[in-house]
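Engineer: Have a look at this one before I ask anything.
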Amino acid sequence: MYIPKHYEQKDREKLLDFMRAFPFAVMVSAAGEKPVGTHLPFVTEADEDTLFLYSHLSLANPQWKSVSNQQLLVIFSEPHAYISPSLYAHTKNVPTWNYIAVHAYGSVEWFHDDETKLHILQKQMASHEEAYLKQFSELPATYLQNLLKGIVAFRIRVEELQGKEKLSQNKTEQERQDIREHLLRSEDGSAREIGERM
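Structure below.
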């Protein structure tokens with residue numbers, strides 16, 4: 052990802068917080084010379100030394116079959132906002148977008164055994180709706196077995212993390228304040244989120 056210095060975010064905890072706040076990301080890999088991507092919810096788990104991303108996809112999805120000994124890219128990006136040049140002090144400006152993005156690069160490990168697949172599914176459920184775990188535990192065994200047969204679970208060990216926060220850092224303090232106030236008044240939730248993060 053191209054990251055000018057004034058937009059670079061290196062604070063690991065801030066990047067992890069962003070990934071957890073916006074867990075629906077795109078996993079990108081190469082199938083021959085063609086890039087392929089799948090949109091998936093991820094669980095982010097980290098300690099001081101390691102960072103893992105957990106998810107699963109349909110067994111029918113060909114992406115997992117094409118990944119062998121290659122680095123994957125997972126793109127986390129959610130809030131973004133159009134920035135009108137009318138918000139700047141001078142007319143010699145053009146429209147742009149403010150946004151936040153995190154790129155996670157790493158190697159993948161696939162899991163086909165039911166125990167691990169179930170464990171990763173439970174991680175995902177606990178992350179998004181812990182109360183559902185009780186209902187999930189009461190599903191009929193045959194239903195659950197058929198569900199597990201249809202998926203492949205995985206974890207990505209993240210080896211490189213890149214963060215970009217393009218939040219008008221190259222503008223004057225007054226322009227930044229005007230942009231922030233404009234975004235906070237927006238009916239667009241994504242734009243308001245960018246305003247809050249500014």
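FYI, the numbering used here numbers position 150 of the sequence shown as 201, with every residue one higher than the one before it. Note that the Cβ used here is the ideal one computed from N, Cα and C, for glycine as well.
(1) For E245, which residues in the same chain have their Cβ closer than 6 Å to its Cβ, ignoring the five residues on either side in sequence?
(2) Report the option in E210, Y183, T89, R227 whose CA atom is closest to the CA atom of G108.
(3) Would you call G201 buried or exposed, if buried means 16 or more other Cβ atoms sit within 10 Å of its Cβ?
(4) Please report the distance separating the alpha-carbon of F103 from that of L212.
(5) Taking only the alpha-carbon atoms, compute the straight-line gap between V79 and P55 and give it to the nearest angstrom.
(6) With H, G and I counted as helix, E and B as strand and the rest as coil, what does DSSP make of E238?
(7) Can the beta-carbon of Q220 be found less than 8 Å from the beta-carbon of H57?
(8) Could you check whether the Cβ of V145 sits closer than 8 Å to any Cβ belonging to chain C?
(9) Is L190 helix, strand or coil when you go by DSSP?
(10) Can you tell me where the alpha helix (DSSP H) with F69 in it begins and where it stops?
(11) Would you kindly report the start and end of the unbroken beta strand (DSSP E) that includes H131?
(12) Of the residues K168, E160, I134, which one's Cα is nearest the Cα of D239?
(13) Using only the alpha-carbon positions, how far apart do D165 and F127 sit?
(14) Helix, strand or coil, according to DSSP, for P147 in the structure here?
(15) Does the segment 68-79 come close enough to the segment 181-199 to have 3 or more Cβ pairs within less than 8 Å?
(16) Assuming M176 is part of the alpha helix (DSSP H), what are its boundary residues?
(17) Span of the alpha helix (DSSP H) holding K116?
(18) May I have the straight-line CA-CA distance separating K116 from S158, to the nearest angstrom?
(19) Hey, I171 and Y105: beta-carbon distance below 8 Å or not?
Structural biologist: Taking the geometry as given:
(1) According to the sequence provided, residue 245 is Ile. The question's Glu does not apply to it. Sequence-distant Cβ neighbours of I245 in its own chain, meaning closer than 6 Å and more than five residues away, are P130, A132, N149, L234.
(2) According to the sequence provided, residue 108 is Leu. The question's Gly does not apply to it. Ranking the options by Cα distance to L108, first place goes to T89.
(3) With fewer than 16 Cβ atoms within 10 Å of its Cβ, G201 is classed as exposed.
(4) Each residue's alpha carbon lies about 11 Å from the other.
(5) So the alpha carbons of these two residues sit roughly 23 Å apart.
(6) Three-state DSSP puts E238 in coil, outside helix and strand.
(7) In contact: Q220 and H57 (Cβ atoms closer than 8 Å).
(8) Among the chains in the structure shown there is no chain C, since it carries only a single protein chain.
(9) Looking at L190 - three-state DSSP - the assignment turns out to be coil, as it is neither helix nor strand.
(10) 63-72 is the span of the alpha helix (DSSP H), which, as asked, contains F69.
(11) Looking at the DSSP string, the run of the beta strand (DSSP E) that includes H131 is 123-134.
(12) Nearest of K168, E160, I134 to D239, Cα basis: I134.
(13) Approximately 28 Å between the Cα atoms of the pair.
(14) At residue 147 the sequence reads Thr, which differs from the Pro that was named. Residue state, collapsed to three classes: strand.
(15) With the cut-off at 8 Å, the segment 68-79 and the segment 181-199 do not touch.
(16) Under the DSSP assignment, M176 falls in the alpha helix (DSSP H) whose first and last residues are 165-180.
(17) Under the DSSP assignment, K116 falls in the alpha helix (DSSP H) whose first and last residues are 114-117.
(18) The C-alpha of K116 lies about 14 Å from the C-alpha of S158.
(19) Cβ distance < 8 Å, so I171 and Y105 count as in contact.
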